[in-house]
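Just below is one structure, and these are the notes that go with it.
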Amino acid sequence: MVAQETADVRGTVGSADWSPAARVRHVGTSIFTEMTELARSTGAVNLGQGVPELDSPAALLKDVADAVVAGNNQYPPAFGTPALREAVAAHQLRRYGLDYRPQDEILVTTGATEALASALLALCDPGDEVIAFDPCYDAYAADARLAGARLVGVPLVLDGDGFVLDADALRAAVSPRTRVLLLNTPHNPTGKVFTSEELAVIADVCREHALTVVTDEVYEHLAYDGACHLPIATLPGMRDRTLTISSAGKTFSVTGWKVGWICGPAPLVKAVGAAKQFLTYASGTPYQEALARMLGSVEEWAGELRDTLRQHRDLLSEGLRQAGLHPYRADAGYFVQADVRPWGYTDGMTFCRELPQRAGVVAIPTSAFYVSDDAPAWLVRFSFCKREASIRTAVDQLTRARSAGPTP
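At position 339 of the sequence shown (counting the first as 1) the number is 336 in this note's numbering, and the numbers step up by one without a gap.
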């Protein structure tokens, strides 16, 4: 996974011997830190991290500034401002037909990352298992470890130009210790949108084994080419066993604000709140005030953002083809997967470490996102949530580097 395994960190502080707790003992420098430093030191175009270079809604930014000046800068209620919880409830009902009570079925969090951590802390005991689909967001394994649980990866299968669910592998992964299924759709890092048929299979498994589902839906508004995001909570029997997580960061290009939310049945949300209150308690009052107003018109804004991102995805994908790499289909999100074997590489990590010097571009090896041992080592993730000029520069440099050779 992204947090690279390292030797045990042990040492001496003053005269006392010490070692970190087991839950963090093997967590080393992340691949993101390494690649970002490579981008800085080489001046390379950074297509590694999913940090958008795109504009945010002007009205939203003005609302935040107004909220700050108006004095909305103290702690909000622990469950979030009433206005934002009501706006989230209206959004879920309007868009998906999911009816949640703002007062006890919606919890505002410090980003989706805190929501995920709080959910696993609330739902898992030591020795429990959590299923996720590989490759997966690096926080999943770390959050499971913090909760004393173990993340079990079920690899998505490469099929043609995309990724599909392996239903048999999913069923085989369930054990008596399985407590939670972590579902990320639209999916990072593959850009996959789980189909209604795939979701039906996942729902059957969860109902059969009495699993709680935690869904990461932060890219819910960023699905392209007719792909349709369907929350698993809308399927029969799933609302009352599902915690749905989303955030403002990707939808409005404000990842630094760290405002997310979690929706679900009151008993589950209450349990998550019990953990969350001792992490940040609450945060982001002026951001919450502004987002409450913006969420009502999200569809119009998101439509424009989707058009821009789709164009950037196509520009990057075509550029990767011209550079001799093989891109896979991305139906959603910020990222394109590419097969780097045409450049003579069988290891994406080596490719990414050499790419800044060779082509002036930074990417992330997809193997860093795998929990299981079935990672295709030759996959690499490129980000397209960047300015058009950045993407054009990157693809031009990749094409020139391919022409220059030699390959490994």
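Ideal placement from N, C-alpha and C gives every residue a C-beta, glycine not left out.
Treat the numbers as computed from the prediction; the structure is a model and nothing was measured.
For D213, the three-state secondary structure derived from DSSP is strand. Shortest Cα-Cα distance from L95 to any of L240, V368 and T26 involves L240.
DSSP places G150 in the strand class (E or B) of the three-state scheme. The beta carbon of N185 sits closer than 6 Å to those of Y134 and G330, all from its chain and outside the five residues before and after it, given in chain order.
Around the Cβ of F275, a 10 Å sphere holds fewer than 16 other Cβ atoms; the residue is exposed. The continuous stretches of beta strand (DSSP E) do not include E297, which lies in the alpha helix (DSSP H) extending over residues V295 to Q319. At the C-beta level, V256 and L288 come within 8 Å of one another.
Taking each of P362, V333 and C260 in turn and checking the Cα distance to M346, the smallest one comes out for P362. R378 is bridged by DSSP to Q334 and I361.
Taking 8 Å as the cut-off, the beta carbon of L104 is found no closer than this to the beta carbon of K247. Counted as a single uninterrupted DSSP element, the alpha helix (DSSP H) harbouring G270 occupies residues A263 to K273. Annotation for L395: the continuous alpha helix (DSSP H) segment containing it runs E385 to A401. In terms of Cα proximity to L208, the closest of I199, V65 and V269 is I199.
L57 is bridged by DSSP to nothing; it lacks a bridge partner. Within the same chain, and ignoring the five residues on either side of F29 in sequence, the residues whose Cβ sits closer than 6 Å to its Cβ are Q46. Burial of T110 is indicated by the presence of at least 16 other C-beta atoms within 10 angstroms of its C-beta. A distance below 8 Å between beta-carbons, with the five flanking residues on each side excluded, links Q71 to the following residues of its chain, in chain order: T282.
The straight-line gap separating the alpha-carbon atoms of R378 and L155 is approximately 15 Å. Under the 8 Å Cβ criterion, the segment 72 to 83 does not count as touching the segment 303 to 316, having fewer than three qualifying pairs.
Residue Q89 holds the alpha-carbon nearest to the alpha-carbon of H218 among G261, E195, D125 and Q89.
A distance below 7 Å between beta-carbons, with the five flanking residues on each side excluded, links A224 to the following residues of its chain, in chain order: V190, D328 and A329. For G159, the pairing in a beta bridge is given by DSSP as D156.
Between the segment 307 to 314 and the segment 161 to 169, the count of Cβ pairs shorter than 8 Å is below three; the stretches do not touch.
Following the DSSP letters along the chain, one finds S38 inside the alpha helix (DSSP H) bounded by residues I28 to T39.
In the DSSP assignment, E50 falls outside any beta strand (DSSP E), carrying neither H nor E.
By the beta-carbon neighbour count (other beta carbons within 10 angstroms, threshold 16), R176 is buried.
Annotation: the continuous alpha helix (DSSP H) that includes F348 extends over G345 to A356. The straight-line gap separating the alpha-carbon atoms of V161 and S380 is approximately 21 Å. Rounded to the nearest whole angstrom, the CA to CA distance from Y284 to V266 is 22 Å. A direct Cα-to-Cα measurement between Y93 and A245 gives close to 17 Å. DSSP places V42 in the strand class (E or B) of the three-state scheme.
Under the three-pair Cβ rule at 8 Å, the segment 110 to 127 counts as touching the segment 141 to 148. In this structure the segment 56 to 67 does not lie against the segment 389 to 400, because fewer than three pairs of beta carbons, one per stretch, are closer than 8 Å. Per DSSP, the unbroken beta strand (DSSP E) holding F130 starts and ends at E126 to D131.
Sorting A164, E50, P132 and R290 by C-alpha distance to the C-alpha of A80 places R290 at the top. Bounds of the alpha helix (DSSP H) holding S193 are S193 to E205.
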